[in-house]
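Take a look at the structure set out below.
In the working numbering, the protein residues as written are 69 to 389.
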């Protein structure tokens, strides 16, 4: 999620951030920092089962981090050489120098990373906000994308679900500081349970250990001086992207994607309506759909085995590369 800085204030550079607890690294994962022009990204990776596997890049959604892929990544190390990034201002990545949290800005961060790493074309896997950004990446830089997997992508809806309205309201001036004041006494566990209730089809599926880890991460993020700023500006970026018309409209971008595309939707998603699955399947020209009846907004965390199996089938359709 984002920052304790109030929206409208200049973005705080990484050097101004206080010392906070170290980000969690699961067994078998590695973290590294990548410096690029105008931004620094934290990259989470797992060693592939063998050399020479095709590269994959995982991109999280609004309020998330590379940890969102820790359940899925180990299930695919035998078919891809995967790494996950923390988008600017999220996870362990500091804010971008230009304060740009638009969908275009996040898409540029993905492109800059791929260009600098020389790993493209990759199997690009993304969730929510990351799905919107990676739709733009796949449309504008097809040379970087082998396949595209989108889990509940944040593509424009005419009728936003009622449960998604509070997130959209963060984009409005004055709402975030008001919310910060009203919730200043909320514990990290209370905040975490609220997020899980919004994002999971069934929050009871979260283990005790998973809850403890999520609370610990929430405590860490709440100490970051740019917590609300990153969240607010990114939410505003989604709203702005929803209103774009012409060639830059996200649905028009989806129609331009040439890469084979796997779409994953949960019927219990409270943020991205399942009714958008049909429109997405029609928009992406080479698409296949995985529907998970009990999943919410983060199917890769709730049902990683099902998502991994569908991804394997996508690779098989594409000749396994």
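We put the CB at the ideal spot given by N, CA and C, even for glycine.
Exercise. Since residue 372 is in the alpha helix (DSSP H), which residue starts that stretch and which ends it?
Worked result: Secondary structure note for residue 372: its alpha helix (DSSP H) is the uninterrupted segment 372-385.
Problem set entry | Backbone secondary structure at residue 310 - three-state DSSP | In this structure, residue 310 counts as helix in the three-state DSSP scheme.
Exercise. When you compare only the Cα positions, how much space is there between residue 132 and residue 257?
Worked result: Their Cα atoms are separated by approximately 16 Å.
Problem set entry | Spatial distance of residue 233 from residue 212 (CA atoms) | With a pLDDT of 47 at residue 233, under the threshold of 50, the modelled position of this residue cannot be trusted; read the value that follows with caution. Their Cα atoms are separated by approximately 34 Å.
Exercise. Does the region 300-315 come within contact of the region 140-149, defined as at least 3 CB pairs closer than 8 Å?
Worked result: Too few Cβ pairs lie closer than 8 Å, so no.
Exercise. Looking only at DSSP bridge pairs, what is residue 195 linked to?
Worked result: DSSP, once it has assigned bridges, lists 219 as partnering residue 195.
Exercise. Rounded to a whole number of angstroms, what is the C-alpha to C-alpha distance between residue 137 and residue 158?
Worked result: The straight-line gap from Cα to Cα measures roughly 14 Å.
For this session: Check residue 323 in the structure and name its three-state DSSP category.
Result: Residue 323: helix per DSSP, three-state reduction.
For this session: Measure the Cβ-Cβ separation of residue 135 and residue 285 and say whether it is below 8 Å.
Result: Cβ atoms of residue 135 and residue 285: closer than 8 Å.
Exercise. Taking just the CA atoms, how far does residue 160 sit from residue 90?
Worked result: Each residue's Cα considered, the two are about 9 Å apart.
Problem set entry | Neighbour-count burial assignment, residue 389, 16 or more Cβ in a 10 Å radius | Residue 389 comes out exposed.
Exercise. Is it true that the CB of residue 323 sits closer than 8 Å to the CB of residue 351?
Worked result: Closer than 8 Å, so yes.
For this session: Flag this pair as yes or no: are the beta carbons of residue 282 and residue 266 separated by less than 8 Å?
Result: For residue 282 and residue 266, no; Cβs fall outside 8 Å.
For this session: Can you have a look at residue 173 and say buried or exposed, based on whether 16 or more other CB atoms are within 10 angstroms of its CB?
Result: Around the beta carbon of residue 173, 16 or more other beta carbons lie within 10 angstroms, which makes this residue buried.
Problem set entry | Inter-residue spacing [alpha-carbon to alpha-carbon] between residue 316 and residue 96 | If I take the Cα positions, the gap works out to 40 Å.
For this session: Measure from the alpha carbon of residue 208 to the alpha carbon of each residue in 223, 175 and 190, then state which is nearest.
Result: When the alpha-carbon of residue 208 is set against those of 223, 175 and 190, the nearest one is in 175.
Problem set entry | CB of residue 200 within 8 Å of CB of residue 178, strictly | Not in contact: residue 200 and residue 178 (Cβ atoms no closer than 8 Å).
Exercise. Using DSSP with H/G/I as helix, E/B as strand and the rest coil, what is residue 172?
Worked result: Of the three classes helix, strand and coil, the one that applies to residue 172 here is helix, per DSSP.
Exercise. What are the boundary residues of the alpha helix (DSSP H) that residue 257 is part of?
Worked result: Unbroken alpha helix (DSSP H) run through residue 257: 256-267.
Exercise. What whole-angstrom Cβ distance do residue 130 and residue 196 have, given they're in contact under 8 Å?
Worked result: Rounded, the Cβ-Cβ distance is 6 Å, consistent with contact.
Exercise. Which first and last residues belong to the beta strand (DSSP E) in which residue 107 is found?
Worked result: DSSP places residue 107 inside the beta strand (DSSP E), whose first and last residues are 107-113.
Problem set entry | For residue 336, the three-state DSSP class (helix, strand or coil) | In the structure shown, residue 336 falls within a coil segment according to DSSP collapsed to helix, strand and coil.
Problem set entry | Contacting residues, own chain, Cβ-Cβ under 6 Å from residue 112 (five flanking each side not counted) | Cβ neighbours of residue 112 beyond the five flanking positions: 97, 99, 134 and 152.
Problem set entry | Nearest-angstrom Cβ-Cβ length linking residue 114 and residue 142, presumed shorter than 8 Å | The beta-carbon distance between residue 114 and residue 142, rounded to whole angstroms, is 6 Å. This is short enough to meet the 8 Å contact definition.
Exercise. Apart from the five residues just before and just after residue 210, which ones in its own chain have a Cβ nearer than 7 Å to its Cβ?
Worked result: Non-local beta-carbon contacts of residue 210 in its own chain, meaning distances under 7 Å to residues more than five positions away in sequence, involve 326 and 327 in chain order.
Exercise. Going by C-alpha distance, which of 368, 353, 354 and 311 is nearest residue 337?
Worked result: For residue 337, the closest C-alpha among the options 368, 353, 354 and 311 is that of 368.
Problem set entry | Closest residue to residue 345 among 301, 333, 312 and 300 (Cα-Cα distance) | It is 333 whose Cα lies nearest to the Cα of residue 345.
Exercise. Name the DSSP beta bridge partners of residue 123, please?
Worked result: Beta-bridge pairing links residue 123 to 149.
For this session: Figure out for me which residue from 104, 214 and 127 has the closest Cα to the Cα of residue 180.
Result: Distances from the alpha-carbon of residue 180 to those of 104, 214 and 127 put 104 closest.
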